[in-house]
Amino acid sequence: MTNSQGKPIPVPTLETAPYWEGCRQHQLRIQRCNDCGQYQFFPRLYCSKCFGERVDWVNATGRASVVSFTVVRRPVSPAYANEVPYVVALVRLEEGPQMMTNIIGCAPEEVKIGMIVEVVFDDWTETISIPKFRPAETVP
Ligand SMILES: [Zn+2]
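What follows is the structure in structure tokens.
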């Protein structure tokens, strides 16, 4: 299934349904292990550190720092032709886990490693919103 621009739409699974429901509500949710306290993303049915099964969903602050990024100048498919250049980045959430995302809200050449960013949501459908990050407006 694709959205109106031809981009593949994520399909929630047993592991990821609470995550996508959070995104729908514009809340970035990650998991925290009740046994060892580790935060994790992407979603799993168990803790990736201690393999305990008592993982809960918590709301992340939505703040992160840029770990690595690349500027995409050649669209990967026609669906992205109108968006180049855009930034694909690896960001580290304040809680620790890292996630792949897009940096928006600034020119690609303004993105820097270590830059503080905050989550924003791009509503693709009534049920699927995609988390992206923009330069943070406030200093922590
Ligand atoms: Zn654990």
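Taking this note's numbering, the leading residue of the sequence shown gets -10, the next gets one more, and so forth.
Quick reminder that beta carbons are idealized off the backbone N, C-alpha and C, glycines included.
Less than 8 Å between the CB atoms is what I'm expecting for residue i and residue j, so what's the real figure, rounded?
| i | j | result |
| --- | --- | --- |
| E84 | I19 | 6 Å |
| V73 | P64 | 5 Å |
| M88 | F40 | Rounded, the Cβ-Cβ distance is 22 Å, inconsistent with contact. |
| L17 | N48 | 7 Å |
| N23 | R43 | 4 Å |
| P32 | T50 | About 18 Å separates the two Cβ atoms, so there is no contact after all. |
Ends of the beta strand (DSSP E) at residue i?
| i | result |
| --- | --- |
| E10 | It is not in any beta strand (DSSP E) - E10 instead sits in the alpha helix (DSSP H) that spans A6 to R13. |
| I105 | I105 to D112 |
| D24 | Counting along the chain, D24 falls outside any beta strand (DSSP E), and DSSP gives it neither H nor E. |
| Y75 | Y75 to L82 |
| N(-8) | Neither: N(-8) is in no beta strand (DSSP E) and is coded neither H nor E. |
| I92 | Q87 to I92 |
| P120 | S118 to P124 |
| R62 | Per DSSP, R62 belongs to no beta strand (DSSP E) and is neither H nor E. |
| V47 | V44 to N48 |
Among residues of its own chain, excluding the 5 on either side of residue i, which ones have a beta-carbon nearer than 6 Å to its beta-carbon?
| i | result |
| --- | --- |
| V(-10) | Here residue -10 is Met; the residue named in the question, Val, does not match the sequence. Only I(-2) meet the Cβ criterion. |
| S118 | C12, R13, F110 and D112 |
| Y28 | I19, R21, E84, G85 and P86 |
| Y35 | E42 |
Near residue i, what residues of its chain come up, given a Cβ to Cβ distance below 8 Å and the 5 sequence neighbours on each side ignored?
| i | result |
| --- | --- |
| V56 | A78, L79, V80, R81, Q87 and I102 |
| K161 | Since the first residue shown for the chain is -10 and the last is 129, residue 161 is missing from the structure and cannot be characterised. |
| R62 | V73 and P74 |
Which same chain residues, not among the five before or five after residue i, have their C-beta less than 7 Å away from its C-beta?
| i | result |
| --- | --- |
| G94 | R123 and P124 |
| A53 | V80, R81, L82, E83, V106 and F122 |
| V76 | F58, V60, N91, I92, P97 and V100 |
Original post:
Going along the chain, which residues put their C-beta within less than 6 Å of some heavy atom in ligand 1?
Top reply: C22, D24, C25, Q27, C36, K38, C39 and G41
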